[in-house]
Amino acid sequence: MPLQLYNTRTRRVEPFQPRRDGRVSIYVCGLTPSAQAHLGHARSFLFFDILRRYLTFSGYEVTYVQNVTDIDDRSIAAAHRLGVSWREIVDGYYAEFKRSMQRLGVREPDKEPYATEFIPQIRETIVALIERGYAYVASDGIYYRVGKFERYGALSNRNIAELEAGARIEIDEAKEEPLDFALWKFAKPGEPHWPFEPYGDGRPGWHIECSAMSHALLDPEGTGFDIHGGGADLIFPHHENEIAQSEPLMARPPMANFWLHGGLLLFDNRKMSKSLGNFEPLCDVLDRYDPQAIRLLFLRTGYGKVMNFTDEAMAGAEATLERLRRDYRALHAVAGSANGSVREGGALTARVVAALDDDMNTAAALREVLAAAGNAEAEGAAQRLAELRNALTLLGIEPDERWLAEPEALPLPSDLAAALRREIGEPWLDGIEDARAALERAIAERLAARAGKDWARSDRLRDALLRCGIELQDGKEGSVWSVVR
RNA sequence: GGCGACGUAGCCAAGUGGUAAGGCAGGGCUCUGCAAAAGCCCCAUUCGGCAGUUCGAAUCUGCCCGUCGCCUCCA
Numbered sequence: 349m350p351l352q353l354y355n356t357r358t359r360r361v362e363p364f365q366p367r368r369d370g371r372v373s374i375y376v377c378g379l380t381p382s383a384q385a386h387l388g389h390a391r392s393f394l395f396f397d398i399l400r401r402y403l404t405f406s407g408y409e410v411t412y413v414q415n416v417t418d419i420d421d422r423s424i425a426a427a428h429r430l431g432v433s434w435r436e437i438v439d440g441y442y443a444e445f446k447r448s449m450q451r452l453g454v455r456e457p458d459k460e461p462y463a464t465e466f467i468p469q470i471r472e473t474i475v476a477l478i479e480r481g482y483a484y485v486a487s488d489g490i491y492y493r494v495g496k497f498e499r500y501g502a503l504s505n506r507n508i509a510e511l512e513a514g515a516r517i518e519i520d521e522a523k524e525e526p527l528d529f530a531l532w533k534f535a536k537p538g539e540p541h542w543p544f545e546p547y548g549d550g551r552p553g554w555h556i557e558c559s560a561m562s563h564a565l566l567d568p569e570g571t572g573f574d575i576h577g578g579g580a581d582l583i584f585p586h587h588e589n590e591i592a593q594s595e596p597l598m599a600r601p602p603m604a605n606f607w608l609h610g611g612l613l614l615f616d617n618r619k620m621s622k623s624l625g626n627f628e629p630l631c632d633v634l635d636r637y638d639p640q641a642i643r644l645l646f647l648r649t650g651y652g653k654v655m656n657f658t659d660e661a662m663a664g665a666e667a668t669l670e671r672l673r674r675d676y677r678a679l680h681a682v683a684g685s686a687n688g689s690v691r692e693g694g695a696l697t698a699r700v701v702a703a704l705d706d707d708m709n710t711a712a713a714l715r716e717v718l719a720a721a722g723n724a725e726a727e728g729a730a731q732r733l734a735e736l737r738n739a740l741t742l743l744g745i746e747p748d749e750r751w752l753a754e755p756e757a758l759p760l761p762s763d764l765a766a767a768l769r770r771e772i773g774e775p776w777l778d779g780i781e782d783a784r785a786a787l788e789r790a791i792a793e794r795l796a797a798r799a800g801k802d803w804a805r806s807d808r809l810r811d812a813l814l815r816c817g818i819e820l821q822d823g824k825e826g827s828v829w830s831v832v833r
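Just so we're aligned, residue 349 is where the first sequence starts under the numbering used here, counting upward by one.
Printed below as a string of structure tokens:
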């Protein structure tokens, strides 16, 4: 059974078939960095990262393009508000987004085109649309004539008449029909602008950059590319408008064979959204939770489903991740002493592949991975470990050094010595600046207290250590410690 | 109002015709000076409601109720 994907365009699950054998072209609508990225963005890009990993794993040569809409009304507004240039706003937020993606293990796109780097191609596209009667020049900009494109509404399953009933013309817009949308906005004083002879200086409207850039980078012949992705909130109007802009100029539509949309993330049962203001910046969430746990949480829900984010669910994902790491470590230990050759593709790989072939059922894939990790039998351990590592990498939860390190081997908080002095306040810590030395001294003190059955002092020291981020666990062979976050 | 998605235990969630995965939380036990960790066990006669199709339904059909999304900037 080949890969099956839900295609928004046909509203059906269909077998995935690339246009050219062995090659897959993907265009995903990226970020508009006019504000901080949030977890909802992460969910979407995390999904496309896994899709890309899987296609690559399946032997395709994948070209993944994810654009940056680096010019829009909100970044201009934010720049005015803060008294800086829009470029600073956009670069700042985008750099933060990139750092967050890196922490989440999202691989860099093959190409990250900026809208402002494609102004010539955007102008060309607009000129072509004007020449064919799909666009017209108005007093404040150049607009797309929606009524001219008969398939308008096909992607989002809407009809123009109904849309018009609910649409409104903004006060200073001079467009012919309410549904018409801006391809180019003439610059008002103080706004960033690019030349466009003979029409007038200005900036591209939202939507047009994706038509121009996907054409330039993935589909120069105008015969379409394989997969176009984005969040479900982009289906209308953004993707509908992209199609309207692109397809009249193509030699052979459709613009993209497969349209894939990631389900939205709710927070407090409301859509996580810049405009609603109900979100925590992604970089802050990543400080609070292990990025791999966030990834694992998202894997447990179908990519296209609406998902509600809660701290409770997050705690569950962290617990699952910890167990997975422990199981992995145990399996690694067993496999190290076990002999047996590792062959390509085995039972686990086959199960994971079957799961992902089923419209990227990451929940089922994860289930297989967790079950395999939990099997600590020596028989076939090396094989299982190898497959497990591959499957985890496929899902983007890559086992790194931390997975194999004993908890005690992890780095200590840099301010541990000072923290211990503050919490314990006993003279034997004076002058010890080294974190490890201070920790070892404190543990030795506690062991002495335990040996003397001074349980009160023993518990006091254990509590103090915990407040400093060190958890002690007493076993038969003495105490082991680990760093808690 | 139009279009769409969803409603499974306290929470998250898988399962889409064959008799309810898993995790978290909660409870019990073992271990322990006490904890923690770990291990074992328990925790939905039932899948929003009501009809219907079927030998059989959480899964299919119809109606109803509820939540959310898109229809305006949004991943």
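Even glycine gets a Cβ: it sits at the ideal position worked out from N, Cα and C.
These figures come from a predicted structure and were not determined experimentally.
> Sorted by chain position, which residues of the same chain lie with C-beta nearer than 6 Å to Leu403's C-beta, five sequence neighbours on each side aside?
Replying inline: So the qualifying residues of the chain are Val372 and Val410.
> Just the Cα atoms here: how many angstroms apart are His386 and Ser806?
Replying inline: Looking at the two C-alpha atoms, the distance is approximately 44 Å.
> Rounded to a whole number of angstroms, what is the C-alpha to C-alpha distance between Glu771 and Gly625?
Replying inline: Rounded to whole angstroms, Glu771 to Gly625 spans 39 Å at the Cα level.
> Which residues mark the beginning and the end of the alpha helix (DSSP H) in which Trp554 is found?
Replying inline: Per DSSP, Trp554 belongs to no alpha helix (DSSP H) and is neither H nor E.
> Quick one: is Asn507 buried, meaning 16 or more other Cβ sit within 10 Å of its Cβ, or exposed?
Replying inline: In the assembly as shown, Asn507 is an exposed residue. Its beta-carbon has fewer than 16 other beta-carbons within 10 Å.
>> Considering Cα atoms alone, identify which of Pro585, Glu670, Lys536 and Glu460 is closest to Ala443.
In response: Ranking Pro585, Glu670, Lys536 and Glu460 by Cα distance to Ala443 puts Glu460 first.
> With which residues is Ile374 paired in a DSSP beta bridge?
Replying inline: According to the DSSP secondary-structure assignment, Ile374 is paired through a beta bridge with Tyr412 and Ile575.
>> Quick check: Tyr408 and Pro457, are their CB atoms within less than 9 Å of each other?
In response: With respect to the 9 Å criterion, Tyr408 and Pro457 are not classified as neighbours on the basis of their beta carbons.
>> On the CB-based measure, 16 or more other CB atoms within 10 Å of its CB, does Pro552 come out buried or exposed?
In response: Buried.
>> Is it buried or exposed, Gly744, if we count other Cβ atoms within 10 angstroms and call 16 or more buried?
In response: Buried is the call here.
>> Using a Cβ-Cβ cutoff of less than 8 Å, which residues in the same chain neighbour Pro494 once the five nearest sequence positions on both sides are dropped?
In response: Note on identity: in this sequence residue 494 is Val, with Pro being the wrong assignment. Close CB contacts of Val494 within its chain, under the 8 Å cut and outside five residues either way in sequence, are with Tyr500, Ile508, Glu525, Leu527, Asp528, Phe529 and Ala592 (chain order).
> By Cβ distance, which residues of its chain are closer than 6 Å to Ile467, with the 5 residues on each side in sequence left out?
Replying inline: If the five residues before and after Ile467 are omitted, its C-beta is found closer than 6 Å to the C-beta atoms of Trp542, all from its own chain and listed in chain order.
> How about the segment 629 to 643 and the segment 661 to 681: do they share at least three Cβ pairs that are nearer than 8 Å?
Replying inline: Contact holds: three or more Cβ-Cβ distances are below 8 Å.
>> Once DSSP output is grouped into helix, strand and coil, what is the label at His386?
In response: In this structure, His386 counts as strand in the three-state DSSP scheme.
> Count the other CB atoms within 10 Å of the CB of Lys533; is the residue buried (16 or more) or exposed (fewer)?
Replying inline: Burial call: buried.
> Could you give the uninterrupted runs of the alpha helix (DSSP H) lying entirely in the segment 616 to 661, keeping only those of 4 residues or more?
Replying inline: Those alpha helix (DSSP H) runs which fall completely within the segment 616 to 661 and span 4+ residues are 630 to 636 and 639 to 647.
> Expressed to the nearest angstrom, what Euclidean distance is found between the alpha-carbon atoms of Asp707 and Tyr354?
Replying inline: Roughly 6 Å between the two C-alpha positions.
>> Mapping the DSSP letters down to three states, classify Arg480 as helix, strand or coil.
In response: Residue state, collapsed to three classes: coil.
> Going by beta carbon distance, what residues of the same chain come within less than 8 Å of Gly817, once the five residues before and after it are set aside?
Replying inline: Correct list, in chain order: Pro761, Leu764, Ala767, Val831, Val832 and Arg833.
>> For a minimum of 4 consecutive residues, which ranges assigned as the alpha helix (DSSP H) are wholly contained in the segment 680 to 752?
In response: Whole alpha helix (DSSP H) segments, 4+ residues: 695 to 705, 710 to 721, 729 to 742 and 749 to 752.
>> At the level of alpha carbons, what is the spacing between Glu746 and Leu787?
In response: Between the C-alpha atoms of Glu746 and Leu787 there is a straight-line separation of about 31 Å.
> Who does Ala604 pair with in a DSSP beta bridge?
Replying inline: Beta-bridge pairing links Ala604 to Phe573.
> Can you give the Cα-Cα distance for His563 and Ile478, rounded to whole angstroms?
Replying inline: If you take the alpha carbons of His563 and Ile478, they lie about 18 Å apart.
> Hey, how far is the Cα of Ala486 from the Cα of Lys523?
Replying inline: Rounded to the nearest angstrom, the two C-alpha atoms are 6 Å apart.
> What does a CB cutoff of less than 8 Å around Leu809 pick up in its chain, not counting 5 residues either side in sequence?
Replying inline: Ile772, Ala790, Glu793, Arg794 and Ala797, listed in sequence order.
>> I'd like to check one pair, Leu503 with Phe584: are the Cβ atoms closer than 9 Å?
In response: Against a cut-off of 9 Å, the Cβ pair of Leu503 and Phe584 comes out as a contact.
> Nearest to Arg737 by CA position, among Ala726, Glu774 and Gly693, is which residue?
Replying inline: Minimum Cα distance to Arg737 is reached at Gly693.
>> By the three-class DSSP mapping on this structure, what secondary structure does Phe544 have?
In response: Three-state result, Phe544: coil.
> Nearest-angstrom Cα distance between Arg769 and Asp778?
Replying inline: Our two residues, Arg769 and Asp778, have alpha carbons roughly 7 Å apart in a direct line.
> Would you call the segment 569 to 588 and the segment 430 to 447 in contact, with 3 or more CB pairs under 8 Å?
Replying inline: No, they do not touch.
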